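Novice:
There are 2 protein chains.
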Amino acid sequence: MDIPTFDDVKAARERIAPYVHRTPVLTSSYFNALSGAELFFKCENFQKAGAFKVRGACNAVFGLSDEMVKKGVATHSSGNHALSLSYAAGRRGIPVTVVMPHSAPEAKKAAVRGYGGTIVECEPSTSSREATFADVVAETGAEFVHPYNDPRVIAGQGTCSWELTEQSDGLDAVIAPIGGGGMVSGTCLTLSNIAPKIEIYAAEPKNADDACRSFKAGHIIADDAPETVADGLKVPLKELTWHFVSNHVTDILTATEEEIVDAMKLTWERMKIVMEPSSAVPLATILKNREIFAGRKVGVIITGGNVDLKKLPWMQI
Amino acid sequence: MDIPTFDDVKAARERIAPYVHRTPVLTSSYFNALSGAELFFKCENFQKAGAFKVRGACNAVFGLSDEMVKKGVATHSSGNHALSLSYAAGRRGIPVTVVMPHSAPEAKKAAVRGYGGTIVECEPSTSSREATFADVVAETGAEFVHPYNDPRVIAGQGTCSWELTEQSDGLDAVIAPIGGGGMVSGTCLTLSNIAPKIEIYAAEPKNADDACRSFKAGHIIADDAPETVADGLKVPLKELTWHFVSNHVTDILTATEEEIVDAMKLTWERMKIVMEPSSAVPLATILKNREIFAGRKVGVIITGGNVDLKKLPWMQI
């Protein structure tokens with residue numbers, strides 16, 4: 041297992057700087073009052089391609105040798121990694137193929153195509169996704185960039201919490217959504233090196249709480265096709281992300297579908313920002329766990345803003 | 041007619057500083073490519089109470105003597121001035137009554153009540169609004185703060201474009217939505233003093249183009265109850281705003297309902313910000329008038345972000 045180090049994060053930061061935004065950190069007196077905490081929202085919804093995933097994708101794509109990129113890159117992804125890898129490949133001018141569940145939001149599919157990516161659709165389950173992907177790699181010979189279980193990707197994601205510590209002062213804790221664990225692993229990698237006193241929390245939909253159950257059991261538990269509005273958080277931990285999560289995370293908190301949608305809608309209403317359901321899970325867990333966060337400075341990573349505006353979840357629940 | 045001067049804007053800026061945000065200016069490589077211009081979006085949707093109107097409201101409320109505020113303040117408004125005045129009155133701890141059309145967005149009504157304001161409902165026409173308001177003032181004796189035809193309000197709105205010139209370099213033009221003309225008048229007042237070479241454009245819904253027709257005719261033309269998705273832009277010019285518009289505006293451009301909704305949805309999708317339909321009118325007119333704006337640096341005032349998330353216009357057109 042090739043575990044990335046903080047030197048890899050340093051190299052990633054330099055490598056990706058021309059292609060990603062240093063996203064702003066927003067505060068909200070409304071949410072501070074509601075939570076009793078002082079919250080610093082790291083707005084990766086404003087990131088290139090609409091999500092933090094572009095950090096890891098750019099680090100992987102721009103780290104490849106000219107020889108390695110000839111056959112292009114490929115991946116499977118619930119959406120944001122797909123379009124981030126498409127963006128990165130487009131910037132480098134190489135072909136990219138992505139395997140996406142046919143149920144992925146239309147906005148994400150359109151964005152992948154807009155960046156020049158080729159989509160191959162699969163069923164919305166981990167098993168179907170991996171089988172379809174094996175066919176794609178066999179056919180194209182493309183370089184596989186896994187959405188999270190890849191040291192280059194984790195090192196790239198680690199640049200986000202590094203910026204967050206520079207943009208806010210004296211954080212006590214950072215919380216991020218957890219699906220496969222790429223952002224949480226990058227956060228663990230960075231903070232354990234530069235600010236080991238900051239506690240790291242992960243937030244997960246109750247309906248897809250495999251990471252939470254893994255954390256309690258002490259080994260990876262994977263569900264094949266969980267159902268949740270937080271479409272970015274359906275995938276399971278893998279060995280690399282499990283390494284970081286099991287070693288550095290303080291706790292994994294969960295929220296129900298209704299709590300996630302309420303937190304999402306409230307953020308749109310009060311902060312006037314568009315974020316996707318996955319990004320609302322941390323705030324949902326903060327609001328139901330006041331005893332953990334009240335009186336503390338908490339960094340909240342808003343992971344992405346790619347949402348289908350014609351299918352908003354409060355229209356459907 | 042008491043015409044405000046730039047000294048009034050200076051006084052306003054100092055007076056309101058503790059109560060309003062210096063809102064950020066965002067840029068978008070996507071919209072720059074689409075328009076051919078270099079756009080600087082002044083994000084008053086992130087402003088306190090969700091709209092630029094809080095600038096004028098705070099300037100009026102905090103400029104009153106202790107004697108004058110005893111009976112409170114009152115106004116009529118299509119929404120944002122109502123909740124901005126409620127916010128300002130709440131910060132000063134005085135009563136506030138607002139006359140609103142019963143058709144105003146539910147989110148705006150809830151926000152007025154949340155700030156402690158009292159709502160009196162009227163029909164959605166200028167005549168009903170003014171008649172209902174006369175009753176309220178007769179009953180309460182409250183100080184009237186007009187939503188735009190008030191020198192204190194115009195001076196307050198003038199602080200917005202002042203910040204915009206500091207946050208962007210070398211603007212050639214500024215464009216803002218026009219309803220009653222408060223923001224446009226404040227922009228004229230400030231820019232004609234500090235940057236007279238910057239052209240000022242106003243943007244109006246085709247369905248409520250009374251300001252455009254007034255501008256061409258050379259005198260105020262008022263419609264009683266125009267129908268447009270841009271609910272903040274239904275009111276007519278009055279003598280104070282006509283003074284500024286007729287003297288300083290280069291042109292008034294219009295956009296159809298469909299163009300407004302398309303521009304609004306595209307902004308949510310690409311910039312990940314929540315803004316109301318009125319705020320999308322300038323961008324809609326920029327995209328259809330490339331020959332005016334291409335190759336130029338253009339400040340675009342996004343006036344507010346108060347929208348009913350359960351009634352989004354692309355669900356209805």
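Keeping their order, the protein sequence lines are chains F and S. So the first sequence is numbered by the numbering used here: it starts at 41 and just counts up by one. So the second sequence is numbered by the numbering used here: it starts at 41 and just counts up by one. Using N, Cα and C, we set each Cβ at its ideal position, and we do this for glycine too. Just so you know, these numbers come straight off a predicted model, no measurement behind them.
Looking only at C-alpha atoms, which of S:Ile341, S:Lys337, S:Val138 sits nearest to glycine 222 of chain S?
Specialist: Counted from its first residue, the second sequence places residue 222 of chain S at position 182. Comparing Cα positions, the closest option is S:Ile341.
Novice: So with Cβ pairs under 7 Å, would you call valine 314 of chain F a contact of chain S?
Specialist: The residue labelled residue 314 of chain F in the question sits at position 274 within the first sequence. Yes - at least one Cβ of chain S is within 7 Å of the one on valine 314 of chain F.
Novice: The beta strand (DSSP E) with glutamate 161 of chain S in it runs from where to where?
Specialist: Position 121 of the second sequence, counted from the start, is the residue given in the question as residue 161 of chain S. First-last of the beta strand (DSSP E) with glutamate 161 of chain S: 158-162.
Novice: Is the beta carbon of lysine 110 of chain S less than 7 Å from the beta carbon of leucine 204 of chain S?
Specialist: Numbered from 1 along the second sequence, position 70 holds the residue referred to as residue 110 of chain S. Numbered from 1 along the second sequence, position 164 holds the residue referred to as residue 204 of chain S. No, the pair does not count as a contact, with Cβ atoms beyond the cut-off.
Novice: Should the region 344-353 of chain F be regarded as contacting the region 260-277 of chain S, the criterion being three or more beta carbon pairs within less than 8 Å?
Specialist: Counting Cβ pairs under 8 Å, fewer than three are found: no touch.
Novice: Kindly list the residues whose CB is nearer than 7 Å to the CB of valine 49 of chain S, restricted to its own chain and excluding five residues on each side of it in sequence; keep chain order.
Specialist: By one-based count along the second sequence, residue 49 of chain S stands at place 9. Contacts found: Ala195, Gly198, Thr199, Trp202, Leu229, Thr230.
Novice: To which residues does DSSP link cysteine 83 of chain F through a beta bridge?
Specialist: Indexing the first sequence from 1 puts residue 83 of chain F at position 43. According to DSSP, which records beta bridges pairwise, cysteine 83 of chain F is partnered with F:Ile342.
Novice: Shorter than 7 Å from the beta carbon of asparagine 120 of chain F to some beta carbon of chain S?
Specialist: Taking the first residue of the first sequence as position 1, residue 120 of chain F is located at position 80. Not an interface residue.
Novice: With DSSP as the reference, label proline 322 of chain F as helix, strand or coil.
Specialist: To locate residue 322 of chain F, count along the first sequence from 1; it is residue 282. DSSP places proline 322 of chain F in helix when its eight states are reduced to three.
Novice: Indicate whether phenylalanine 80 of chain F and valine 60 of chain F have their beta-carbon atoms separated by less than 7 Å.
Specialist: Taking the first sequence and counting its residues from 1, one reaches residue 80 of chain F at position 40. Taking the first sequence and counting its residues from 1, one reaches residue 60 of chain F at position 20. Cβ atoms of phenylalanine 80 of chain F and valine 60 of chain F: not closer than 7 Å.
Novice: Do we get a CB-CB distance below 7 Å when we pair leucine 349 of chain F with the residues of chain S?
Specialist: Counted from its first residue, the first sequence places residue 349 of chain F at position 309. At least one chain S Cβ lies under 7 Å of leucine 349 of chain F.
Novice: Can you tell me which residues form a DSSP beta bridge with phenylalanine 333 of chain S?
Specialist: Taking the second sequence and counting its residues from 1, one reaches residue 333 of chain S at position 293. Answer is none; phenylalanine 333 of chain S lacks a bridge partner.
Novice: Is DSSP giving valine 285 of chain S helix, strand or coil here?
Specialist: By one-based count along the second sequence, residue 285 of chain S stands at place 245. Helix.
Novice: Which one or two residues does DSSP pair with proline 245 of chain S in a beta bridge?
Specialist: Counting from one through the second sequence, the residue named residue 245 of chain S turns up at place 205. Answer is S:Ala295, bridged to proline 245 of chain S.
Novice: Under three-state DSSP, which class holds leucine 280 of chain S?
Specialist: Within the second sequence, residue 280 of chain S is the residue found at index 240, counting from 1. Looking at leucine 280 of chain S - three-state DSSP - the assignment turns out to be helix.
Novice: Using a Cβ-Cβ cut-off of less than 9 Å, list which residues of the region 133-150 of chain S approach chain F; keep chain order.
Specialist: If the cut-off is 9 Å between Cβ atoms, the region 133-150 of chain S has Ala147 near chain F.
Novice: Quick check on this structure: which residue in S:Pro58, S:Ala73, S:His116 has the alpha carbon closest to the alpha carbon of cysteine 98 of chain S?
Specialist: Sequence index remark: in the second sequence, residue 98 of chain S carries index 58 (1-based). With distances taken between Cα atoms, cysteine 98 of chain S lies closest to S:Pro58.
Novice: Straight-line CA distance for histidine 121 of chain F to valine 185 of chain F?
Specialist: Position 81 of the first sequence holds residue 121 of chain F. Position 145 of the first sequence holds residue 185 of chain F. About 9 Å.
Novice: Rounded to whole angstroms, how far is the Cβ of alanine 151 of chain S from the Cβ of leucine 123 of chain S, which I believe are closer than 8 Å?
Specialist: The sequence position of residue 151 of chain S within the second sequence is 111, counting from 1. The sequence position of residue 123 of chain S within the second sequence is 83, counting from 1. Contact flag correct, Cβ pair sits at about 4 Å.
Novice: Spell out a yes or no on whether the region 313-328 of chain F and the region 309-325 of chain S are touching, meaning 3 or more CB-CB pairs, one atom from each, closer than 8 Å.
Specialist: With a cut-off of 8 Å, the region 309-325 of chain S and the region 313-328 of chain F count as touching, because enough Cβ pairs lie within range.
Novice: Looking at the structure shown, is proline 217 of chain F part of a helix, part of a strand, or coil, going by DSSP?
Specialist: Taking the first sequence and counting its residues from 1, the one referred to as residue 217 of chain F is at position 177. The answer is strand: DSSP assigns proline 217 of chain F an E or B state.
Novice: Taking C-beta pairs closer than 7 Å, name the residues in chain S that glutamate 309 of chain F reaches, listed in chain order.
Specialist: Within the first sequence, numbered from 1, the residue matching residue 309 of chain F stands at position 269. In chain order: Ala147, Leu349.
Novice: Of all Cβ atoms in chain F, is any one closer than 7 Å to the Cβ of phenylalanine 92 of chain S?
Specialist: As a working mapping, residue 92 of chain S is identified with position 52 in the second sequence. No, no contact with chain F.
Novice: Could I get the ranges of all uninterrupted beta strand (DSSP E) runs contained in the region 144-191 of chain S, with 3 residues as the minimum, in chain order?
Specialist: The region 144-191 of chain S contains these whole beta strand (DSSP E) runs: 158-162.
Novice: Identify the contact partners of asparagine 85 of chain S in chain F, using a Cβ-Cβ distance below 9 Å as the criterion.
Specialist: Locating residue 85 of chain S in the second sequence gives position 45, where the first residue counts as 1. Near asparagine 85 of chain S (Cβ distances below 9 Å), the residues of chain F are Lys312.
Novice: Of all the CB atoms in chain S, is at least one closer than 7 Å to the CB of lysine 82 of chain F?
Specialist: Locating residue 82 of chain F in the first sequence gives position 42, where the first residue counts as 1. It does not; no Cβ of chain S falls within 7 Å.
Novice: I need the DSSP call for methionine 36 of chain F, collapsed to helix, strand or coil.
Specialist: Nothing in the structure corresponds to residue 36 of chain F, since chain F is present only between 41 and 357.
Novice: On the three-state DSSP scale, how would you describe isoleucine 56 of chain F?
Specialist: Walking along the first sequence from the start, residue 56 of chain F turns up at place 16. Correct three-state label for isoleucine 56 of chain F: helix.
Novice: At a CB-CB cut-off below 8 Å, which residues of chain S make contact with lysine 328 of chain F?
Specialist: In the first sequence, counting from the first residue as 1, residue 328 of chain F sits at position 288. None at all; the shortest Cβ gap to chain S is about 22 Å.
Novice: Taking DSSP as the reference, what is the three-state secondary structure of histidine 121 of chain S?
Specialist: Here residue 121 of chain S is taken as the residue at index 81 of the second sequence, counted from 1. Histidine 121 of chain S falls in the helix class under three-state DSSP.
Novice: Excluding the 5 residues preceding and the 5 following arginine 95 of chain S in the sequence, name in chain order all residues of the same chain whose CB lies nearer than 7 Å to its CB.
Specialist: For this step, residue 95 of chain S is matched to residue 55 along the second sequence. Answer for arginine 95 of chain S: Ile56, Val60, Gly196, Gln197, Thr199, Cys200, listed in chain order.
Novice: So, does the CB of glycine 345 of chain F fall closer than 7 Å to a CB anywhere in chain S?
Specialist: What you label residue 345 of chain F is simply residue 305 of the first sequence in a count that begins at 1. Yes, its Cβ sits closer than 7 Å to a Cβ of chain S.
Novice: For a quick check, are the C-beta atoms of alanine 262 of chain S and proline 276 of chain S less than 7 Å apart?
Specialist: Locating residue 262 of chain S in the second sequence gives position 222, where the first residue counts as 1. Locating residue 276 of chain S in the second sequence gives position 236, where the first residue counts as 1. Result yes, Cβ atoms of alanine 262 of chain S and proline 276 of chain S sit closer than 7 Å.
Novice: Check each candidate in S:Gly339, S:Ser286, S:Val176 and name the one with the smallest Cα separation from aspartate 209 of chain S.
Specialist: On the second sequence, residue 209 of chain S is found 169 positions in, with the first residue counted as 1. The candidate whose alpha carbon is nearest that of aspartate 209 of chain S is S:Gly339.
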